[in-house]
Amino acid sequence: AQRVTQPEKLLSVFKGAPVELKCNYSYSGSPELFWYVQYSRQRLQLLLRHISRESIKGFTADLNKGETSFHLKKPFAQEEDSAMYYCALSAGGGSNYKLTFGKGTLLTVNP
Amino acid sequence: NAGVTQTPKFRVLKTGQSMTLLCAQDMNHEYMYWYRQDPGMGLRLIHYSVGEGTTAKGEVPDGYNVSRLKKQNFLLGLESAAPSQTSVYFCASSYTTTRQQPYNEQFFGPGTRLTVL
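Below, the structure is given as structure tokens:
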């Protein structure tokens, strides 16, 4: 069975500081990893996916299969980045439409 | 397009009452999902559907039933509500996975905040 671990429930940084939200996963196959974000009073939405290898809103995430990690990084945090962030994993095979979510990290960017 | 909509937005129930949450999507998605979101627990999959007329259990299905009579609608029912079912419920949908695109983005509704007294 797959598992996603986000070790930090809360993360607080100052505006302009670098930020890294950690995500580790457990899965024996080749997973697809995602980061979803939920801004205050808004619905959950996809931020980025590892297969796209793109930067969204200044965020990047690299899949490290050796360390089974998919940490989300941004070099200079902005106040509007304050939100709940969820790491999610999609398994291969016949279950690749289902997501397993981590417990989430609440990021607060202070002015 | 409205995307994924959920009704109601809020509801308060007494223990033992029943209710149905409605999810609708206008994106012609095959797959639909019901999650619950609890503090410190993240999102947990309750039930899901891979097509009209089909449903399957997720991670925490006990106490819930679902139906997918129409492709665009996915209903979540609580037959006898319990305080442990106090939560925020999210519906999501996604399109069919293909060989070219085996992993697809899920689109979420705005959520239903349910309190069971």
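Going down the list, the protein sequences come from chains F and L. Quick note: the first sequence, position 74, residue 74 per the numbering used here, numbers continuous. Each number in the numbering used here corresponds to the 1-based position in the second sequence with 1000 added. Beta carbons are placed, not taken as given, at the ideal position from N, Cα and C, and that holds for glycine.
State yes or no: is the C-beta of residue i within less than 8 Å of the C-beta of residue j?
{"i": "Tyr-36/F", "j": "Ala-77/F", "result": "no"}
{"i": "Tyr-25/F", "j": "Pro-18/F", "result": "no"}
{"i": "Pro-81/F", "j": "Leu-107/F", "result": "The identity of residue 81/F in the sequence shown is Asp, whereas the question assumes Pro. Their beta carbons are under 8 Å apart, which means Asp-81/F touches Leu-107/F by this criterion."}
{"i": "Leu-1075/L", "j": "Leu-1022/L", "result": "yes"}
{"i": "Thr-105/F", "j": "Glu-20/F", "result": "no"}
{"i": "Pro-1008/L", "j": "Thr-1096/L", "result": "no"}
Could you pull the DSSP bridge partners for residue i from this structure?
{"i": "Glu-20/F", "result": "Lys-73/F"}
{"i": "Ile-56/F", "result": "Phe-59/F"}
{"i": "Glu-32/F", "result": "Ser-90/F"}
{"i": "Leu-99/F", "result": "Ser-90/F"}
Identify the continuous beta strand (DSSP E) that holds residue i and give its terminal residues.
{"i": "Ala-1024/L", "result": "1019–1025"}
{"i": "Asn-110/F", "result": "105–110"}
{"i": "Thr-1005/L", "result": "1004–1007"}
Hey, out of the options, whose CA is closest to residue i's CA?
{"i": "Lys-73/F", "options": "Glu-79/F, Ile-56/F, Gly-66/F and Glu-67/F", "result": "Ile-56/F"}
{"i": "Gly-1003/L", "options": "Thr-1115/L, Leu-1117/L, Asp-1038/L and Pro-1110/L", "result": "Pro-1110/L"}
{"i": "Asp-1062/L", "options": "Pro-1039/L, Thr-1096/L, Gly-1042/L and Trp-1034/L", "result": "Trp-1034/L"}
{"i": "Arg-1059/L", "options": "Gly-1042/L, Leu-1069/L and Arg-1068/L", "result": "Sequence check: residue 1059/L is Glu here, not Arg. For Glu-1059/L, the nearest C-alpha among the options comes from Gly-1042/L."}
{"i": "Arg-3/F", "options": "Leu-33/F, Ser-40/F and Ser-12/F", "result": "Leu-33/F"}
{"i": "Ile-1046/L", "options": "Pro-1008/L, Ser-1018/L, Gln-1072/L and Tyr-1089/L", "result": "Tyr-1089/L"}
{"i": "Tyr-39/F", "options": "Pro-111/F, Ser-28/F, Ile-51/F and Tyr-85/F", "result": "Tyr-85/F"}
{"i": "Ser-1080/L", "options": "Tyr-1064/L, Arg-1011/L, Gln-1025/L and Val-1050/L", "result": "Tyr-1064/L"}
{"i": "Ala-1082/L", "options": "Arg-1113/L, Tyr-1095/L and Gly-1016/L", "result": "Gly-1016/L"}
{"i": "Ser-12/F", "options": "Tyr-97/F, Gly-102/F, Asp-62/F and Glu-79/F", "result": "Glu-79/F"}
{"i": "Ala-61/F", "options": "Ala-91/F, Ala-83/F, Gln-42/F and Cys-23/F", "result": "Cys-23/F"}
Ordered list of beta strand (DSSP E) runs contained in the segment 1030–1114 of chain L, each at least 3 residues: 1031–1038, 1042–1051, 1054–1057, 1065–1067, 1073–1078 and 1087–1094
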